[in-house]
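*Asks:* The opening residue of the sequence shown carries number 798 in my numbering; numbering runs sequentially from there. Each residue gets a CB set at the ideal place from its N, CA and C atoms; glycine is no exception. Quantities reported herein were computed from a predicted structural model and do not represent experimental measurements. Encoded as structure tokens, here's the structure I'll be asking about.
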Amino acid sequence: MEHLTLFAPSMLGADPLNAGAAVDSLGEGFDWLHLDVMDGHFVPNLSFGPAMAAALRKRYPGAFIDAHLMVNNPDSYLSVFAEAGVSHISTHAEAEPQLLHSRLSRTRRAGLKAGVAIAPPTPVEQLRHVLSLADVVLVMSVTPGFGGQTFIEETLEKTRDLARLRVVEGYGYLIQVDGGINKENAARAAAAGCDVLVIGSAVFGSLDPARYLAETRALVLQGSCRKC
Ligand code: DX5
Ligand code: ZN
């Protein structure tokens, strides 16, 4: 069966004064819209809140809106993002880890897909107790907090481990990689087991975002054909 890689352009890479036009510039070429939520505490930056999520939902009723919460106390924000209409919420395993299991259950009970994210220093072992519950495991491939950083190649060891574990244990999660993805490394990430590629500055910083995405998708497809 053909394995399709999903692309999730990150709104953090878009011009904030022209966010709608930035999404429109992707044409039909995206699968998810990735929305980074930062609180200035869990990470040293501030970004989008529920109003942006609601605005995206209003303008793109059919879009899969992927909220990536880089905040302390993520539990206190689940309902507000659910009400804003997101499709999926990922929260970090490093934020209130003792609540991670119940947080994923609560997210699913709200009718959303539930993801767990890990920063580069966090090992996969820290997630073992929630892997059967997670719809998505997001492996950060840069330090959380900023777009435009360089991809940390070593994080692909974790995506390979997660892909192996999924087969061995029969888990159903998608593996998502976030940070520093571009045309040069996307096929390598997909070959290392990543199902969903977040792509921010590379796509929105290009002259023609729809074309950049299409070319990256083609490279990923060629890469997967070389494997078969
Ligand atoms: C970083 C964010 C990423 C960011 C990716 O903390 O989680 O989603 O937008 O941007 P690029 O693709 O520029 O690394
Ligand atoms: Zn993100």
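1) On the three-state DSSP scale, how would you describe L1004?
2) Assuming P918 and I949 are in contact, meaning their beta carbons sit under 8 Å apart, how far apart are those beta carbons, in whole angstroms?
3) What separation, rounded to the nearest whole angstrom, lies between the Cα atoms of A987 and F827?
4) Keeping to the same chain, check which residues put their C-beta closer than 7 Å to that of S844; ignore five residues upstream and five downstream.
5) Kindly indicate the opening and closing residues of the beta strand (DSSP E) around A820.
6) Evaluate R1014 with the Cβ neighbour count: other Cβ atoms within 10 Å of its Cβ, from every protein chain shown; 16 or more gives buried, anything less gives exposed.
7) When the Cβ atoms of the region 926-943 are set against those of the region 964-977, are three or more pairs found closer than 8 Å?
8) Considering Cα atoms alone, identify which of N979, Q946, G944 and R900 is closest to H926.
9) With a CB to CB cut of under 8 Å and the five nearest residues on each side skipped, what residues in its chain are close to Q946?
10) Going by beta carbon distance, what residues of the same chain come within less than 8 Å of K955, once the five residues before and after it are set aside?
11) Going by beta-carbon coordinates alone, are D932 and G912 separated by less than 8 Å?
12) Using the C-alpha atoms, what's the distance from A879 back to R906?
13) Can you tell me whether H831 is buried or exposed? The criterion is at least 16 other CB atoms within 10 Å of its CB, across all chains shown.
14) Where the beta carbon is closer than 5 Å to any heavy atom of the ligand ZN, which residues qualify, in chain order?
15) Relative to the C-alpha of L866, which residue among A960, S807, A811 and R856 is closest?
16) Sorted by chain position, which residues of the same chain lie with C-beta nearer than 6 Å to D863's C-beta, five sequence neighbours on each side aside?
17) Let's test the definition: count the other Cβ atoms within 10 Å of the Cβ of V965 and tell me whether it reaches 16, buried, or not, exposed.
18) I need the straight-line Cα distance from D992 to L1016, nearest angstrom please.
19) Closer than 7 Å: is that where the CB of P917 sits relative to any heavy atom of the ligand DX5?
20) What residues in its chain sit with their C-beta under 7 Å from that of G846, if we drop five residues either side in the sequence?
*Replies:* Looking at the atomic coordinates:
1) Residue state, collapsed to three classes: coil.
2) Taking 8 Å as the upper bound for CB-CB distance, P918 and I949 are not in contact here, some 10 Å apart.
3) A987 and F827 have their C-alpha atoms spaced approximately 16 Å apart.
4) Counting only Cβ-Cβ distances below 7 Å, and skipping sequence neighbours, we find L809, D833, V834 and M835.
5) One point to set straight first is that residue 820 is Val, not Ala, in the sequence displayed. Run containing V820: none in the beta strand (DSSP E); it sits in the alpha helix (DSSP H), A816 to D821.
6) Buried.
7) For the pair of segments examined, the region 926-943 was found to touch the region 964-977: the number of CB pairs separated by less than 8 Å reaches three.
8) Out of N979, Q946, G944 and R900, R900 has the C-alpha closest to the C-alpha of H926.
9) Within the same chain, V939, T940, G976 and G977 come within 8 Å of Q946 by CB-CB distance, once the 5 residues on both sides are set aside.
10) Counting only Cβ-Cβ distances below 8 Å, and skipping sequence neighbours, we find I915, P920, V921 and V936.
11) Contact flag set, yes.
12) If I take the Cα positions, the gap works out to 11 Å.
13) Result: buried.
14) Cβ-based neighbours of the ligand ZN within the cut-off: D833, H865 and D975.
15) Closest by alpha carbon: S807.
16) Take D863, set aside five residues on each side of it, and the residues of its chain with a beta-carbon closer than 6 Å to its own are A805, W829, H831 and H885, in chain order.
17) Exposed, because fewer than 16 other Cβ atoms sit within 10 Å of the Cβ of V965.
18) Annotation: D992 to L1016 spans about 14 Å, alpha carbon to alpha carbon.
19) P917 Cβ: outside cutoff for every heavy atom of the ligand DX5.
20) Non-local C-beta neighbours of G846 in its own chain, meaning closer than 7 Å and more than five positions away in sequence, comprise V834, ordered along the chain.
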